[in-house]
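Just so we're aligned, residue 1 is where the sequence shown starts under the working numbering, counting upward by one. Just so you know, even glycine gets a beta-carbon here, dropped at the ideal spot from N, CA and C.
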Amino acid sequence: MCKYKGGESKGLIVPRTIKFAELLDRVHQIGNINSMEDKVSLKFSVLVASNESKHIKIEDDDDVKFFMKYNSEVTPSKLAPLLVRTDFMDMIDFSEVDQMHGGDNGTERNEVSVYSAPPILGCLNTSAQLSIMRLGGESEPSCEHYWNQIGEQNRYNEAGVNDGEAYLDRGFSRSEKNPKITVGQIFSTKKALLMELQLMALRGHFEFKVQLSCTKGLVVVCCQRPCPWRVRASRVGEYSFMIVRCTTIHECDLRFVSDNHRQATAALVATSFNRKFKDSRTIYTPSDIMRDVKHKFGFSIHYSKAWKARELALLSIRGSAEEAYYILPAYCYELERMNPGTKTHIQTDENNHFVYFFMEVGACIRGFRSSMRPVIAVDATHLKSKYKGVMFVANAFDGNRNIYPLAFGIGDLETDASWHWFFTKLHEAIGECPNLVIISNRNVSIENVWNKVFPTAQHGICFYHMKENMKRTCKLKKHDHILMHFEKAAKSYSIAEFDCHFRKIKQKEHVAQYLEEAGLHKWSRAHMNGRRYNVMTTNIAESINSVLRFARMMPVVHLIGEIINLLVKWFIERRDLALNYTTTLCPNFGEKKLRNRLEDTARMNVVKVNNAQYNVLDGYMNGLIDLTNNSCSCRKFQLEQLPCKHVVAVCRFLKVNVYLKASRYYTRKIWMDAYSDSIYPVQPHRMWDIPEDVRSQVVLPPMARVMSGRRKKLRIPSHGEGTITRKCSRCGSGGHNKSTCKNNIPLRNVS
Numbered sequence: 001m002c003k004y005k006g007g008e009s010k011g012l013i014v015p016r017t018i019k020f021a022e023l024l025d026r027v028h029q030i031g032n033i034n035s036m037e038d039k040v041s042l043k044f045s046v047l048v049a050s051n052e053s054k055h056i057k058i059e060d061d062d063d064v065k066f067f068m069k070y071n072s073e074v075t076p077s078k079l080a081p082l083l084v085r086t087d088f089m090d091m092i093d094f095s096e097v098d099q100m101h102g103g104d105n106g107t108e109r110n111e112v113s114v115y116s117a118p119p120i121l122g123c124l125n126t127s128a129q130l131s132i133m134r135l136g137g138e139s140e141p142s143c144e145h146y147w148n149q150i151g152e153q154n155r156y157n158e159a160g161v162n163d164g165e166a167y168l169d170r171g172f173s174r175s176e177k178n179p180k181i182t183v184g185q186i187f188s189t190k191k192a193l194l195m196e197l198q199l200m201a202l203r204g205h206f207e208f209k210v211q212l213s214c215t216k217g218l219v220v221v222c223c224q225r226p227c228p229w230r231v232r233a234s235r236v237g238e239y240s241f242m243i244v245r246c247t248t249i250h251e252c253d254l255r256f257v258s259d260n261h262r263q264a265t266a267a268l269v270a271t272s273f274n275r276k277f278k279d280s281r282t283i284y285t286p287s288d289i290m291r292d293v294k295h296k297f298g299f300s301i302h303y304s305k306a307w308k309a310r311e312l313a314l315l316s317i318r319g320s321a322e323e324a325y326y327i328l329p330a331y332c333y334e335l336e337r338m339n340p341g342t343k344t345h346i347q348t349d350e351n352n353h354f355v356y357f358f359m360e361v362g363a364c365i366r367g368f369r370s371s372m373r374p375v376i377a378v379d380a381t382h383l384k385s386k387y388k389g390v391m392f393v394a395n396a397f398d399g400n401r402n403i404y405p406l407a408f409g410i411g412d413l414e415t416d417a418s419w420h421w422f423f424t425k426l427h428e429a430i431g432e433c434p435n436l437v438i439i440s441n442r443n444v445s446i447e448n449v450w451n452k453v454f455p456t457a458q459h460g461i462c463f464y465h466m467k468e469n470m471k472r473t474c475k476l477k478k479h480d481h482i483l484m485h486f487e488k489a490a491k492s493y494s495i496a497e498f499d500c501h502f503r504k505i506k507q508k509e510h511v512a513q514y515l516e517e518a519g520l521h522k523w524s525r526a527h528m529n530g531r532r533y534n535v536m537t538t539n540i541a542e543s544i545n546s547v548l549r550f551a552r553m554m555p556v557v558h559l560i561g562e563i564i565n566l567l568v569k570w571f572i573e574r575r576d577l578a579l580n581y582t583t584t585l586c587p588n589f590g591e592k593k594l595r596n597r598l599e600d601t602a603r604m605n606v607v608k609v610n611n612a613q614y615n616v617l618d619g620y621m622n623g624l625i626d627l628t629n630n631s632c633s634c635r636k637f638q639l640e641q642l643p644c645k646h647v648v649a650v651c652r653f654l655k656v657n658v659y660l661k662a663s664r665y666y667t668r669k670i671w672m673d674a675y676s677d678s679i680y681p682v683q684p685h686r687m688w689d690i691p692e693d694v695r696s697q698v699v700l701p702p703m704a705r706v707m708s709g710r711r712k713k714l715r716i717p718s719h720g721e722g723t724i725t726r727k728c729s730r731c732g733s734g735g736h737n738k739s740t741c742k743n744n745i746p747l748r749n750v751s
């Protein structure tokens, strides 16, 4: 005869492959047992005869496997519960069995209470005799009333159990669709529990409301009364919540089903789709969110809610713009610690509000000093985050014609003060650089301050910006013939060819005057010296602005993080690329150009003038080579510092190594040295070890007025600047490429 005295019963779901140590930890957790003070023993009973059973101890992994296998093979009437023995009396006293069995205990139909369900974890008094409690079948006479009361209400549906789980609490109903809530299930916080309930309601196409919510418990019920669906949870521990009762059957009226859903909150939508925003380059609009919510849950949300969900998702991943300024000193400290030689500067006003930021990466500065041509392109681009601002960039060209970033800065506007501050920090970073050339657009502030910080440097103007400014200032039409002559004059290598085209430009005196005032040596190849290495534009600066176009929408710390991650990627890829090549010069620039010029020399005649000078006849523009001065009359050799076709012909004629005539900056070895150092990304915030003096630094957001309305993300195009519509190679439509294509493509007929 079964006589159950004292103790508490609880249910839990465990994997069939659970280990003994994991099962013991679950028992300690759900039974609130102190593993340091209390000894726990696990047993289960096996029926060996009609009225006789044996207790089997569970002490290792093999015992657990046997326990799981036994319960999976026996009939429901012979299932063996797991029995737990401790050295103390359990918290809840059930010594009066009749109180649990008799009368109405307040449990609604199809509702399972964790304290009245069939015992799966029986924490028994040490003085009490171990009892065998059978699940889902007939019980001994003394328990007959109790089992009959709940047996019909909570019949177990075998089809509801996943193959990878052992569903130990056989009293829970599995009749609802895709159940996610079970009795005994523990959630880390009340918020996590509510989130799971909301997802369950969305999938089950019903709505609920909170009937009771406090620090100790939570009760939610179906909105359509008298539908019996309800869930009750109580707090366990400091923050966790456990399901103690749940009714799983719905009797909702379908007349009230609508296309909207009260549980489809912006926070829930943000949590469901926040993985879409982890890549800063992904364009995921509110319209995309509306479409995916409809597809995933079958409900519609308003555009404003989708917009709010997007903002919440971005906030959860990137944090707020204000937080980014607060942790900026700590981030900079960690960045400098991870990358030796890296320096950052943060300037604030008297009230600790952010003003300027400057960053130089040690590996980049060392590579520039040893392996880069002394030509720097500077530019600025607008930031699109909450507090806006301007990002300053300084870049160089490596020997393979790749972007080589040197320094980055952040300020409020492109003013004389901001550019002077950036140039000052840049000068401190690179030091005195002989034969330095700075190339920029015709920004007034750059013109005013560059020579104050770099008095020995030369300044050049970007050819493209010069052309656009001339069109706007001189009011030229898009296809004016003056523009054609300007391009040819700017790209001419010889003075004679330049004068030929500039005479055409002088037909419009105001255009010629504008170009002369800007300085012919700043934009014309024919009038510049070899120190510029034939770099005509600031495309390298413009290109990195384009690469960071999505990162410029992020808070300041995440913007810096994206820059560092980009540098990490570039350094690894280019270092590996340089190691894989065996050419003498860089493969995509110097080596490629010399090979193309070598093909042209087969039809050239070389005439020796003296031991140092040679005349090369190419049928179009002959070249006079002076090997002593390393010069050619075509001037391409001097400007590029790379052998032109005339020099290649002479080297071939004399059987001289043509690579010796190329600048060291174009060699593969120097290119490899530029990326020899490694750049390390900053570790997650929780891994930082920040000293107290850095923690005490206060950086507040800049004193900028945040304008109302949607922030603009596209700049105003310059005069005469058009847009090019790209055609997708996947679907053939315009406005996107195949990597972002979302259009459906019909299946092709296979004949």
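Distance between residue j and residue i (C-alpha atoms, nearest Å)
i: C222; j: W229; result: 6 Å
i: C586; j: R664; result: 11 Å
i: T107; j: R310; result: Only weak support is given to the placement of T107: the predicted model assigns it a pLDDT of 36, under 50, and the question is left unresolved by the model.
i: V244; j: A233; result: 5 Å
i: V393; j: L315; result: 27 Å
i: V74; j: V46; result: 10 Å
i: M470; j: H479; result: 13 Å
i: H646; j: S676; result: 35 Å
i: R400; j: F498; result: Checking the sequence, you will find Asn at residue 400 rather than Arg. Approximately 29 Å between the Cα atoms of the pair.
i: A396; j: S543; result: 12 Å
i: H205; j: R225; result: 15 Å
i: V219; j: C227; result: 15 Å
i: S272; j: L79; result: 39 Å
i: M554; j: C246; result: 44 Å
i: D673; j: R574; result: 11 Å
i: L12; j: S304; result: 41 Å
i: F368; j: R442; result: 25 Å
i: I540; j: N402; result: 8 Å
Exposed unless 16 or more other CB atoms sit within 10 angstroms - verdict on residue i
i: I376; result: buried
i: R275; result: exposed
i: M687; result: exposed
i: V607; result: exposed
i: I679; result: buried
i: T189; result: exposed
i: D25; result: exposed
i: P329; result: buried
i: R635; result: buried
6 Å CB neighbourhood of residue i in its chain, flanking five on each side removed
i: E360; result: K343, A407 and A429
i: K19; result: D61
i: E591; result: T583 and L585
i: S729; result: K738
i: H736; result: C728
i: P141; result: Bear in mind that the predicted position of P141 carries a pLDDT of just 32, short of 50, making it unreliable; the figure below should be weighed with that in mind. So the list is empty, once near-sequence residues are dropped.
i: H501; result: H485, K488 and A489
i: I365; result: A429
i: K43; result: H55, K57 and L83
i: T424; result: V453
Nearest-angstrom beta carbon gap, residue j and residue i [assumed within contact, 8 Å]
i: L594; j: V535; result: Not confirmed; about 19 Å, so no contact.
i: F637; j: N630; result: 7 Å
i: V346; j: C332; result: This sequence places Ile at residue 346; Val is not what is there. About 7 Å separates the two Cβ atoms, so the contact holds.
i: N352; j: V699; result: 6 Å
i: L753; j: R525; result: Nothing about residue 753 can be reported from this structure: the residues present for the chain run from 1 to 751 only.
i: S633; j: G619; result: Actually they do not touch by this definition, with Cβ atoms about 15 Å apart.
Residues of its chain near residue i, where Cβ-Cβ distance is below 8 Å and the 5 sequence neighbours each way are ignored
i: V64; result: I18, K19, F20, L23 and I58
i: G734; result: T725, R726, K727 and C728
i: P643; result: L594, R597, F637, C651, V658, K661 and A662
Close-in-space but distant-in-sequence residues of the same chain around residue i (CB under 7 Å, 5 per side omitted)
i: C731; result: C741, N743 and I745
i: R668; result: A578, Y581, T583, T584, L585 and C586
i: I301; result: A264, V269, M290 and V293
i: G561; result: V682
Residue i: CB within 8 Å of a non-hydrogen atom of the ligand SAM
i: F357; result: Looking at this structure, you won't find the ligand SAM or any other ligand, since it has none at all.
For residue i, the residue or residues it bridges with in DSSP
i: H353; result: L700
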